[in-house]
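Protein chains in written order, with full-length UniProt numbering: chain P, 1 to 549; chain F, 1 to 549. C-beta atoms are modelled at their ideal positions from N, C-alpha and C, and glycine is treated no differently. A short write-up of the structure that comes next.
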């Protein structure tokens, strides 16, 4: 079996046809959902690209791998999906984005050359690289945001787009009046078509790269096809720019009560620049149709891949996963972007097609188990025929759900967010290590714990599915809060770093020191079989020398 | 300044003259105590050699570094005392024991050759090796316990002691009737003199190695002189074997109430082979005098080192630390060995001589602050003139206490013990990851939490200083228990793995993405200074090409 692990960036769980969006058709997402299981309660381990992805790729919580924000390097030696899959006999390739920041200091300390195979994999989050493109070729007074070279910009140059950064000037900009660049960074331009031929825009380009990979790949392989879209800049080429308009924009899910004595961290976010922009109806009226267009383009491109797999018959032998690293508030809860833990931000789409006959019974179904992003690596290892290293991997294989079983499962989903790098940390007067948030959700109640001495937030998803009413404002729900804090405490104590010794090795080693002569309990030797002490109870042994006296 | 970091193995905090032992004179320990500060509430991070030492050497909790038991490898890349000190311009040498198990699998994955400088340091816990001798050259049907070669056995061979393992046959055995080997493994033999000239026994040998090091060392250096003694086998050469006798054995600190409905883990330990042996008066009457003789020998050898430092004048420029990796129950609480968290097991001696004038005010004093083993690395880094990497190191420099200040300090000390490798785990029907214990001690109350669904243990050190009365047997102290659990929960959520990014780096990087063109909040560009968007608002720019159409 091969694995096609497709990630979209900032794709909301509910912006898909199969998830019930009333205006957005996604026939190809729906096509995979019909072939597999759509998990309706899947959560990202963090609500920011870098941290979330490092959890996807390591199968470990952010609190375990430590790469808690964009640009925080993943420590050298941390095991990744690639390490686990290669150990199971499966290659692991990257086509697109990871947001991986290499631990160059740690690599230098260990003498790892970035251009060696080992060094390159360490630097690339364990993947072998078909194409790496993180998709944010932003440029400012201090230079490029991304220190890599852009293969997409090289492609655009080869196609005749001029300038140093056609990603910014064409793919993510419209043509303004008088030929000016109308940048996609400005929401005012989100309703314009990107000034690029559709087939040259990012999503089709990456899809073509994926198809090139598929045409030559020898299995077993796992291919991580990882799109930047529908992540901002919110701008899309024709005809997608015009497929949706203000009439297709759902009203914001927000309520005045949310601004009444909000949790201080939520309050700080609601007062931020991003939130202010998304609180404007004119912004939503332009941005959301562009966002929907980007998703629709992703769907069409997904169709190309599915058609290819069907034409070659490979679909019968390919696990397909569609997911995202986090969502997008889009003005809900008075917020833009992501970062906090309301459902539009922390919940992710998770659709899994398992081609094996054992999964036939669940095709086209949904599953409401509490699924976490970290469950994918164990799922893949199992699919590759390997043994899940559960002293390292903190997620659990989804295979039982795919077979229609009901395994014992986690009681809560955890997500984390480290906002130490944001202005809100300074505004709230916090040290970096106090600028950390934890979500604990049991499917019914969702707690947000904030370090730094703040009260928590609590939502009752059953009675307030839009999460307007923060029940931690009063004390009526202290018992629920305490119960979720107990879950968080258990999680905090979890065995997460004993990564060099498996449970099986521990069990097998019991008693081994006894058989290697460690006997710190012998009164006279009668306590153990003679074989273990025969050296000290055997026939009289003459000392030939006691030193050189 | 140089640092002489001396560790004894299994030395109880209260088996020193300066700590008030009524029968055991330790003039040289007392001499250092008179030159410095004796910390009376110092705790080991774990009550077993390997795990405790990995915390000493990394400055991190066991829960953070993961090497939770003897023989669990320290993961490759984990920063050690040597890494931190070398970064501060100080060498870091080992003379003696570490109990380090190299992560050979991780090293192979990263292509690190064990015989390279980097590989050797990774394999040796960050130390450069003057002499490594873990001091347990036990041998049984499955071979040697230690996979290294013993430099001590090589020394003994050079001195004419015969056989393959003179460590076992001479240093840790007496001569029995008819020339038989009377092994030190058997407590029955603990009152006999080891069959070795005193100057050839382990403690003098290692001291001579330390002196050889000192005679040639060029500073600044840190030397970790790490003795196996007074760790078992409990046997000591003449004249030390006869210095103490049954009259010097203190009555066991134990009470029948401890065996009344004990905590299941404590109960399992009390029923074990080791405990059974130490519950016997005849065993204590032989073992404890040998243990005291071993300590007295350590003290005499410490005198050799102090005399050398005084003779050369180096003592004016040398920080000296005397400590141990854990204690020894010696029959107290119906227990032998260590592993649980009563004071005789988890509390450690900690004497620090800081030669700097700023420490003059505290010489000869004691300090009852809650000190942890992990505080030493930061103390050393500060002494070396370096900057404490507090996103990696979890301990805190003791320097303020040494200067007589009263810094804000931790509220609780934490210790941990993983007994997954012991028969008690199986006997209690636990999975390996449930066989974990945590101690939380605030100086007054001490809680033991056991994973696996057990109730906790609680002691009130103020009203029950011998820890006989487990207050968690009833529910009268639920508030104290909850309070200590809250401390444990905070600790569990601590930021322990963000080791690739310092607080200072985070603060310095704030806003940097803005200046690299990441602007996901612009409605029309008016939100930021023109310099940040000039590219998109500058003079009309003609597109020379829109692709190659």
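Which residues DSSP lists as bridging residue i, in chain order
| i | result |
| --- | --- |
| residue 324 of chain F | F/8 |
| residue 447 of chain P | P/440 and P/458 |
| residue 193 of chain F | F/236 |
| residue 39 of chain P | P/367 |
| residue 132 of chain P | P/96 |
| residue 347 of chain F | F/43 |
| residue 416 of chain P | P/46 and P/438 |
| residue 91 of chain F | F/221 |
| residue 175 of chain F | F/181 |
| residue 352 of chain P | P/37 and P/321 |
| residue 226 of chain P | P/7 and P/96 |
| residue 139 of chain P | P/144 |
Cβ-based neighbour list, residue i, same chain, cut-off 7 Å, excluding 5 preceding and 5 following
| i | result |
| --- | --- |
| residue 185 of chain P | 233 |
| residue 41 of chain P | 368, 369, 370, 371 and 443 |
| residue 480 of chain F | 445 and 458 |
| residue 411 of chain P | 442 and 487 |
| residue 425 of chain F | 419, 432 and 435 |
| residue 379 of chain P | 397, 398 and 399 |
| residue 166 of chain P | 153, 156 and 157 |
| residue 252 of chain P | 284, 331 and 332 |
| residue 391 of chain P | 498, 499, 501, 502 and 503 |
Beta-carbon separation (whole angstroms), residue i vs residue j, contact threshold 8 Å
| i | j | result |
| --- | --- | --- |
| residue 455 of chain P | residue 263 of chain P | 7 Å |
| residue 348 of chain F | residue 326 of chain F | 6 Å |
| residue 235 of chain P | residue 194 of chain P | 5 Å |
| residue 389 of chain P | residue 84 of chain P | 7 Å |
| residue 318 of chain F | residue 226 of chain F | Going by Cβ atoms, the distance from residue 318 of chain F to residue 226 of chain F rounds to 17 Å, so no, they are not a contact pair. |
| residue 94 of chain F | residue 53 of chain F | About 11 Å separates the two Cβ atoms, so there is no contact after all. |
| residue 448 of chain F | residue 437 of chain F | 6 Å |
| residue 363 of chain F | residue 19 of chain F | Contact doesn't hold; Cβ gap of about 17 Å is too wide. |
| residue 553 of chain P | residue 352 of chain P | Here chain P has residues from 1 to 549 only, and residue 553 of chain P is not among them. |
| residue 500 of chain F | residue 360 of chain P | Not really, about 45 Å apart at Cβ, beyond 8 Å. |
| residue 283 of chain F | residue 523 of chain P | 6 Å |
| residue 335 of chain F | residue 269 of chain F | 6 Å |
Chain-ordered neighbours of residue i on chain F, where CB pairs are closer than 7 Å
| i | result |
| --- | --- |
| residue 46 of chain P | In chain order: nothing, as chain F lies at least about 13 Å away. |
Chain P residues whose Cβ lies nearer than 7 Å to that of residue i
| i | result |
| --- | --- |
| residue 497 of chain F | 63, 64, 65 and 66 |
| residue 273 of chain F | 521 and 527 |
| residue 130 of chain F | Neighbours of residue 130 of chain F on chain P: none; closest Cβ ~22 Å, over 7 Å. |
| residue 4 of chain F | Under the 7 Å cutoff, chain P gives no residues; its nearest Cβ is about 26 Å from residue 4 of chain F. |
| residue 188 of chain F | 523 and 524 |
| residue 112 of chain F | 110 |
Residues of its chain near residue i, where Cβ-Cβ distance is below 6 Å and the 5 sequence neighbours each way are ignored
| i | result |
| --- | --- |
| residue 532 of chain F | none |
| residue 324 of chain P | 8, 11, 348 and 349 |
| residue 175 of chain P | 195 |
| residue 373 of chain F | 44, 45, 55 and 56 |
| residue 4 of chain P | 223, 318 and 320 |
| residue 477 of chain P | 458 and 471 |
| residue 246 of chain F | 285 |
| residue 145 of chain P | 136 and 138 |
| residue 237 of chain F | 193, 194, 196, 198 and 201 |
| residue 109 of chain F | none |
Contacts of residue i in chain F (Cβ-Cβ under 9 Å)
| i | result |
| --- | --- |
| residue 507 of chain P | 420, 421, 425, 426 and 432 |
| residue 531 of chain P | 140 and 141 |
Neighbour list for residue i in chain P, Cβ cutoff strictly below 9 Å
| i | result |
| --- | --- |
| residue 493 of chain F | 63, 436, 438, 449, 451, 488, 489, 491 and 492 |
| residue 500 of chain F | 66, 67, 72, 73, 74, 75, 76, 101, 103, 105 and 106 |
Listed by chain order, chain P residues near residue i by CB distance under 8 Å
| i | result |
| --- | --- |
| residue 409 of chain F | Here the premise fails: no neighbours, minimum Cβ distance about 17 Å. |
Worksheet entry | Contiguous beta strand (DSSP E) assignments of at least 3 residues, all confined to the stretch 365–412 of chain F | 365–367
Worksheet item: Going along the chain, which unbroken runs of the alpha helix (DSSP H) with 4 or more residues stay wholly within the stretch 479–546 of chain F?
Response: 503–509 and 530–537
Discussion item. Extract the residue ranges of the alpha helix (DSSP H) inside the stretch 250–278 of chain P, only unbroken runs of 4 or more that lie entirely within it.
Written reply: 264–270 and 273–278
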